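The structure appears below as structure tokens.
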Amino acid sequence: AWTYPHGETGSSPIVVRGGIYGRGRNGSIVAVDAKTAKEVWVRENMNGMSSRGMMYWESRDGRDQRLIFPMNSLLQELDAKTGKSIMSFGTNGVVDLRVGIDGRDPETLGNVQTNTPSEVFENLIILGSAPGEGYMSAPGDIRAYDVLSGKLVWTFHTVPRPGEFGYDTWPKDAWKYVGGANNWGEMTVDTRRGIVYVPTGSPTYDYYGADRIGANLFGTSIVALDARTGKRLWHFQMV
Numbered sequence: 009a010w011t012y013p014h015g016e017t018g019s020s021p022i023v024v025r026g027g028i029y030g031r032g033r034n035g036s037i038v039a040v041d042a043k044t045a046k047e048v049w050v051r052e053n054m055n056g057m058s059s060r061g062m063m064y065w066e067s068r069d070g071r072d073q074r075l076i077f078p079m080n081s082l083l084q085e086l087d088a089k090t091g092k093s094i095m096s097f098g099t100n101g102v103v104d105l106r107v108g109i110d111g112r113d114p115e116t117l118g119n120v121q122t123n124t125p126s127e128v129f130e131n132l133i134i135l136g137s138a139p140g141e142g143y144m145s146a147p148g149d150i151r152a153y154d155v156l157s158g159k160l161v162w163t164f165h166t167v168p169r170p171g172e173f174g175y176d177t178w179p180k181d182a183w184k185y186v187g188g189a190n191n192w193g194e195m196t197v198d199t200r201r202g203i204v205y206v207p208t209g210s211p212t213y214d215y216y217g218a219d220r221i222g223a224n225l226f227g228t229s230i231v232a233l234d235a236r237t238g239k240r241l242w243h244f245q246m247v
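The number in the numbering used here is simply the position in the sequence shown, starting from 1, with 8 added.
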């Protein structure tokens, strides 16, 4: 029917309301008419954003339509109809994903965003992270942010803190120095039950565990969380 020659095939496009949203030339985000392939708008030089796709949210009446993605660990939104930044989101249009990770100085953290687009459920953006599994990597907190304001709604600590379930599966105070146990791949939301299923990777250091005796919850697990509150419903540890 038609060909759009500038698409980036490493990213999955979103098709909604007659529009296609994806990655284009020079690291851009493009909006293309689904019937004709005509460009509606192009947002140039969006290098550093999640490479495998974006998230989409719209209001109940469909008037407010947003594309959501992290770029260089800054979560941000574009108006899907115009391609312009939504400056009312977060602080001047961005939410720094490095802020609030176990009280660590954001300036000491590298890139924590995942290249996978994560999930939107109701008015929540539910995010994993990709801080790595090496020494000094940040922990893989699962977090949910309000779509409209960018405010943090809930956090699930994949490396439990004192008083949280699973804390006794680690050496004392391991949460202060252990990282990883993060969701760098896909997660799944059961919208009818309001449950988000989160697979996690290995805790740090992923090739050496003699300094972290115990089961190390919630590393290498599938964790089911209440999507609205972040409360743990159940977990299954695979390794």
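The beta carbon of each residue, even a glycine, is placed where N, CA and C say it ideally should be.
Bear in mind that the values here come from a model prediction, so they are computed numbers and not experimental data.
The straight-line gap separating the alpha-carbon atoms of residue 106 and residue 47 is approximately 34 Å. Burial is judged here by how many other beta carbons sit within 10 angstroms of a residue's own beta carbon; residue 160 has fewer than 16 and is exposed. The three-state secondary structure of residue 182, taken from DSSP, is helix. Per DSSP, the unbroken beta strand (DSSP E) holding residue 162 starts and ends at 160-164. For residue 192, there is no enclosing beta strand (DSSP E), since its DSSP letter is neither H nor E. For residue 121, no beta strand (DSSP E) segment is defined, and its DSSP state is neither H nor E.
Here DSSP, grouped into helix, strand and coil, assigns residue 148 to coil. Listed as beta-bridge partners of residue 198 by DSSP are 203. In summary, residue 97 is buried, with 16 or more beta-carbon neighbours lying within 10 Å of its beta-carbon over all protein chains present. Residue 53 and residue 240 have their C-alpha atoms roughly 39 Å apart. For residue 95, same chain residues with a beta-carbon under 7 Å away, outside a window of 5 residues either side, are 101 in chain order.
The C-beta of residue 118 has fewer than 16 other C-beta atoms within 10 Å across all chains shown, which makes the residue exposed.
Between residue 207 and residue 220 the beta-carbon gap is near 20 Å, outside 8 Å, which marks them as no contact. DSSP places residue 14 in no beta strand (DSSP E); its state is neither H nor E. Counting C-beta pairs closer than 8 Å gives three or more between the stretch 181-191 and the stretch 155-170, which meets the contact rule.
The three-state secondary structure of residue 175, taken from DSSP, is helix.
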